[in-house]
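Residue numbers (my numbering), protein chains in the order written: chain Z, 1 to 107; chain W, 108 to 214.
No residue lacks a Cβ here, since even glycine has one placed at the ideal position from N, Cα and C.
The structure under discussion appears below in the form of structure tokens.
2 protein chains.
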Amino acid sequence: MSIASDLLRGNTDTIILASLTGHDSYGYLINKEIMAKTDSQMELKDATLYSAFRRLEKDGLVNTYWGDEEVGARRRYYSITDKGREVYEQNKAEWQKAKQMIDSLLV
Amino acid sequence: MSIASDLLRGNTDTIILASLTGHDSYGYLINKEIMAKTDSQMELKDATLYSAFRRLEKDGLVNTYWGDEEVGARRRYYSITDKGREVYEQNKAEWQKAKQMIDSLLV
DNA sequence: CAATATACCTCGCCTGTCAAGGTATATTTT
DNA sequence: AAAATATACCTTGACAGGCGAGGTATATTG
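So, in structure tokens, the structure goes:
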């Protein structure tokens, strides 16, 4: 990854929630999509991704269920909850604010 | 502080370097300036600030010297080094890139 | 049959933030 | 005169998130 992880920190959960707003998804795909959208400049490491899922689950922001693939590796799907959508909107707003403030501090 | 510290993380050092680009400064003042510029919505906690200074010093991005105040509390001043300016520019560029990428991921 | 891609997971380290505590001086309020 | 507030510095230890390193299992491609 070419972007310092400390710059991503605080946005990981939000990014995952974002990728769940349109449709349910699963870890591997979410990561692939992020890489595709950022030209492989950004990537959520496995361990980061799965620890984020545990956190989101614990906080009731996502639900999870096993896919019924009859072929290939099993997939654990995630869906965003109402609370998840709420938190997502809050996080986005906070990000907008933080962005502005940081920009105003960098000459 | 109203902005989640995880959103600041990764920018702390850059913000400190930014405030040293115009003129030497000291911890307490740097913090006051940040609060003034962000309407008190952002603040570097003491411990965070001073651990950042140690890091910047260790990495040769700032130099430090004691002020010669004849009245009031003593001040430890910091000045940015050439390497500091270099890293500052790099960090700013990286921030611009990270910003764009995160924005592109948030629907 | 080996390598690669898909797909999941855990453990334990590292690093940055910060709550809580401390020191010392100067000014303002009671 | 004493207490409170502002200025100004500092350290310790806990905590949380990122991730390197390791693991499992299935399907496809060379």
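Proximity of residue i and residue j at Cβ, strictly below 8 Å
i, j, result
"Z/Thr-38", "W/Met-208", "yes"
"W/Gly-191", "W/Leu-212", "no"
"W/Lys-206", "Z/Lys-99", "yes"
"Z/Arg-74", "Z/Trp-66", "yes"
"Z/Glu-70", "Z/Thr-64", "no"
Start and end residues, alpha helix (DSSP H) containing residue i
i, result
"W/Arg-192", "189-212"
"W/Thr-119", "119-127"
"Z/Lys-32", "27-37"
"Z/Ala-52", "46-58"
"Z/Asp-6", "5-8"
Of the listed residues the options, nearest to residue i (C-alpha basis)
i, options, result
"W/Glu-201", "Z/Gly-22, Z/Gln-41, Z/Ala-18, Z/Asn-11", "Z/Gln-41"
"W/Leu-151", "W/Asp-189, W/Leu-212, W/Asn-118", "W/Asn-118"
"W/Glu-193", "W/Leu-115, W/Leu-114, W/Leu-124, W/Asp-113", "W/Leu-124"
"W/Asp-166", "W/Tyr-195, W/Ile-110, W/Leu-114", "W/Tyr-195"
"Z/Ser-51", "Z/Lys-99, Z/Lys-83, Z/Val-71, Z/Arg-9", "Z/Arg-9"
"Z/Ala-4", "W/Leu-213, W/Gln-197, W/Ser-211, W/Val-214", "W/Gln-197"
"Z/Asp-82", "Z/Asp-6, Z/Thr-21, Z/Met-35", "Z/Thr-21"
"W/Arg-183", "W/Lys-204, W/Phe-160, W/Leu-212", "W/Phe-160"
"Z/Ala-36", "Z/Ser-79, Z/Ser-19, Z/Gly-72", "Z/Ser-19"
"Z/Val-107", "W/Leu-156, W/Val-178, W/Ile-141", "W/Ile-141"
"Z/Tyr-78", "Z/Asp-6, Z/Leu-49, Z/Leu-7", "Z/Leu-49"
Residue range of the unbroken beta strand (DSSP E) whose run includes residue i
i, result
"W/Thr-171", "169-173"
Residue i: CB within 7 Å of a non-hydrogen atom of the ligand GDP
i, result
"Z/Asp-103", "Absence of the ligand GDP is noted for the structure shown, with no ligands found whatsoever."
Is the region 11-31 of chain Z touching the region 135-142 of chain W, taking contact as three or more C-beta pairs under 8 Å? no
Quick one: which residues of the region 155-188 of chain W get their C-beta closer than 9 Å to a C-beta of chain Z? List them in chain order. none
Taking a Cβ distance cut-off of 7 Å, strictly less, list which residues of the region 30-43 of chain Z are near chain W, in chain order. Ile-34, Lys-37, Thr-38, Gln-41, Met-42
When you check each C-beta in the region 192-207 of chain W against every C-beta of chain Z, which residues fall closer than 8 Å? Lys-199, Glu-201, Trp-202, Lys-204, Ala-205, Lys-206
Give the residues from the region 114-127 of chain W that approach chain Z closer than 8 Å (Cβ to any Cβ), ordered along the chain. Leu-114, Leu-115, Arg-116, Gly-117, Asn-118, Thr-121, Ile-122, Ala-125, Ser-126
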